[in-house]
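Have a look at the structure below before the remarks.
Residue numbers (the working numbering), protein chains in the order written: chain A, 1 to 306; chain B, 307 to 612.
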């Protein structure tokens, strides 16, 4: 039986460690790190695209030994009109052997969702999985599920997001006494069953569960035994290694933790900034990734031994 | 006092009629309508982009006399890697004097939302308003609100979407007996107040309210007196002109109805296909827009007279 995308990610997380490198590149923070000459480019767009592409390439290349998966956020590319660089970098990461997550958070009514699915989950797309928003409900998620299944890809549904205001809708209590995020968790389970052969430990429908909500995450882990968790919020957003442990299963699998700004901005971190020059920013990122991975592994091991 | 974006749209809808032209261009449906020669283009991408751009340009040009606003769905451009055409067409529509809505349905945590906001709501962007998803809550919506206010733009929040499965999360009943969409409506009202001078009939935060749910829409119109409604679902999705009337205020304002496939595919409609050749597909679109506008106006007038 062939692995589905989430089983593959589960294996990668066990082999390489439970840490995912997030890529949220901000052009204004990248420019001080390189020194390109504008006269060497055809135009200003190409000049700035070179900064973006080179930065992302260096990030991926340096981390690819330590990290098995990457999440690339489309917002940071769209903000500067660099959708082409987004795709080029996704392909670069794929060619480096990484599991590539397109962090898109897309959703639309059915015929429009089908368009997004076709764009991002086709067989020749570099994305192994994408993130989607559940607010529209099943008929808008189905086009993603169908194409993910057809092409051996995965889908991560936003269930309980890491930001403080996530409580407003997601934690609202329903008439049965349960919060909205549990209703969404149940829908995610149904969507997983829809795509599943029932002999999979993890089906191809995963969930985004913020690391900043360990109480809710513990409950969601129980509710969703066959759902792989993508866990943002560790590091820059304030969640600790201990906070993330409840997202894992009893074998230390079933989840992967994202760190974006923590790894990207490691060269500015007091831990590393005296050890690495600004020009070698990516070496600080690798050091921080190794440190974070160790911290997460220790916390998970301690949690499982209890 | 300067009009905000929604007041401007309200005025346009009164002057030109309560119909918005939706643009959801599907490349495979466009190709039979034109006859470009691949040898006249540098490469295949340019060849297909010419189809997409020409189709959108003809749609906008022909409709711009009859229609005051257009909604352009990013899914259909992203699906075929034509983000550049998306922006070019938005600029083309803006230059034609249309109110341009970027149908993006984006949302992310705060620092990523700030990126999307910067990309789509900056002063020099061609978009007068964009659609966003509320699932993350206030801290992820604020960056959109702040930039919209700063640059005289608007934001439409998905409240009750037109698709059948919208009932799953949006109609779920909360412990206070009210559905989730009413909670979201209240949030939209708060977000409107946050951006408002309180002397505006319509503030810059609008709502997407599916035409397919007239009972809910009637209630939402009462709950959100200062919220301009963008109403999809009329025509191809099954809502009638009568269904949409409840979205309007007592002056026949406060809302605009979207038709995408209804107008785009008018040349295939039995009403028009014997009157217009396939090559003049856009003339059928104009005829259908005029017909739909008349039908909507009549229905609204009849509703208000009762």
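Idealized CB from N, CA, C, for every residue including glycine. Predicted, not measured: the structure shown is a model, and the values here were computed from it.
Counting beta carbon pairs with one atom in the stretch 245-261 of chain A and one in the stretch 15-25 of chain A, are three or more of them shorter than 8 Å? As far as the Cβ criterion goes, the stretch 15-25 of chain A touches the stretch 245-261 of chain A, which means the pair count is three or higher.
Answer with yes or no whether the minimum CB distance from residue 187 (chain A) to chain B is below 8 Å. Chain B places a beta carbon closer than 8 Å to that of residue 187 (chain A), counting this residue as a contact.
So for residue 510 (chain B), helix, strand or coil by DSSP? Residue 510 (chain B) falls in the coil class under three-state DSSP.
With a cut-off of 8 Å on the beta carbons, I'd call residue 112 (chain A) and residue 379 (chain B) a contact; round off their distance for me. Indeed, because the Cβ distance is near 6 Å, the residues count as touching under 8 Å.
Within the continuous alpha helix (DSSP H) that includes residue 419 (chain B), where are the two ends? 416-427 is the span of the alpha helix (DSSP H), which, as asked, contains residue 419 (chain B).
Same chain, Cβ closer than 8 Å to residue 363 (chain B), neighbours up to 5 away in sequence not counted: Taking C-beta separations shorter than 8 Å and ignoring five residues to either side along the sequence, the partners of residue 363 (chain B) in its chain run 395, 398, following chain order.
So is residue 476 (chain B) buried or exposed if we call it buried at 16+ other beta carbons inside 10 Å? Counting Cβ neighbours within 10 Å, residue 476 (chain B) comes out buried, since at least 16 surround it.
For residue 217 (chain A), three-class secondary structure by DSSP: Of the three classes helix, strand and coil, the one that applies to residue 217 (chain A) here is helix, per DSSP.
Specify, as a first and last residue, the run of the alpha helix (DSSP H) that residue 62 (chain A) falls within. Taken as a continuous stretch (DSSP letters only), the alpha helix (DSSP H) holding residue 62 (chain A) covers 44-63.
Beta-carbon proximity list for residue 369 (chain B), same chain, < 8 Å, skipping 5 on both sides: For residue 369 (chain B), where only same-chain residues beyond five positions count, the Cβ hits under 8 Å are 327, 376, 569, 588, 591, 592, 595.
Helix, strand or coil: how does DSSP classify residue 404 (chain B) here? It is coil, neither helix nor strand.
Roughly how many angstroms separate the alpha carbons of residue 574 (chain B) and residue 110 (chain A), rounded to a whole number? The straight-line gap from Cα to Cα measures roughly 21 Å.
Just list the alpha helix (DSSP H) runs in the stretch 539-602 of chain B, keeping only unbroken ones of 4 residues or longer that don't cross its boundaries, in chain order. For the stretch 539-602 of chain B, the continuous alpha helix (DSSP H) assignments of 4+ residues that do not extend past its boundaries occur at 547-550, 567-570, in sequence order.
Would you mind sorting residue 277 (chain A) into buried or exposed? The rule is 16 or more other CB atoms within 10 Å of its CB. Note on residue 277 (chain A): under 16 other CB atoms within 10 angstroms of its CB, so exposed under the neighbour-count rule.
Pull up the distance between the alpha-carbon of residue 390 (chain B) and that of residue 335 (chain B), whole angstroms please. The alpha-carbon atoms of residue 390 (chain B) and residue 335 (chain B) are separated by roughly 20 Å.
Report yes or no: is there a C-beta of chain A within less than 8 Å of the C-beta of residue 446 (chain B)? Yes, its Cβ sits closer than 8 Å to a Cβ of chain A.
Residues, ordered as in the chain, of the stretch 367-389 of chain B that lie near chain A by beta-carbon distance below 8 Å: Here the close residues are 379, 381, 382, 384, 385, 386, 387, 389.
Reducing DSSP to helix, strand and coil, say where residue 498 (chain B) ends up. Helix at residue 498 (chain B).
Give, in chain order, every residue of the stretch 415-442 of chain B whose Cβ lies closer than 7 Å to some Cβ of chain A. When C-beta distances to chain A are compared with 7 Å, the residues of the stretch 415-442 of chain B below that value are 415, 416, 418, 421, 422, 424, 425, 439, 440, 441, 442, in chain order.
Contact between the stretch 180-192 of chain A and the stretch 212-224 of chain A: three or more CB pairs below 8 Å? They touch, by the three-pair rule.
Identify the contact partners of residue 413 (chain B) in chain A, using a Cβ-Cβ distance below 7 Å as the criterion. The contacting residues are 105, 133.
What residue range is occupied by the uninterrupted alpha helix (DSSP H) comprising residue 444 (chain B)? It spans 444-456 - the alpha helix (DSSP H) in which residue 444 (chain B) sits, taken as one unbroken run.
Among residues of its own chain, excluding the 5 on either side of residue 126 (chain A), which ones have a beta-carbon nearer than 6 Å to its beta-carbon? Around residue 126 (chain A): 90, 91, 94, 100.
For residue 422 (chain B), which residues in the same chain have their Cβ closer than 7 Å to its Cβ, ignoring the five residues on either side in sequence? So the qualifying residues of the chain are 412, 414.
Selection of the stretch 168-184 of chain A by Cβ proximity to chain B, strictly under 8 Å: Cβ contacts with chain B: 168, 169, 170, 172, 173, 174, 175, 177, 180, 183, 184.
Just mark residue 338 (chain B) as buried or exposed, buried being the case when its beta carbon has 16 or more other beta carbons within 10 Å. Burial state of residue 338 (chain B) is exposed, judged by a 10 Å Cβ sphere holding fewer than 16 other Cβ atoms.
Identify the contact partners of residue 520 (chain B) in chain A, using a Cβ-Cβ distance below 8 Å as the criterion. Neighbours of residue 520 (chain B) across chain A, judged by C-beta separation under 8 Å, do not exist; the nearest C-beta is about 18 Å away.
When DSSP builds the beta bridges, which residues end up paired with residue 20 (chain A)? Beta-bridge pairing links residue 20 (chain A) to A:258.
Please report the straight-line C-alpha distance between residue 355 (chain B) and residue 82 (chain A), rounded to a whole angstrom. If you draw a straight line from the Cα of residue 355 (chain B) to the Cα of residue 82 (chain A), it comes to about 17 Å.
Tell me which residues of the stretch 446-465 of chain B have at least one Cβ-Cβ distance to chain A shorter than 9 Å, keeping chain order. Residues passing the 9 Å Cβ filter: 446, 447, 448, 464.
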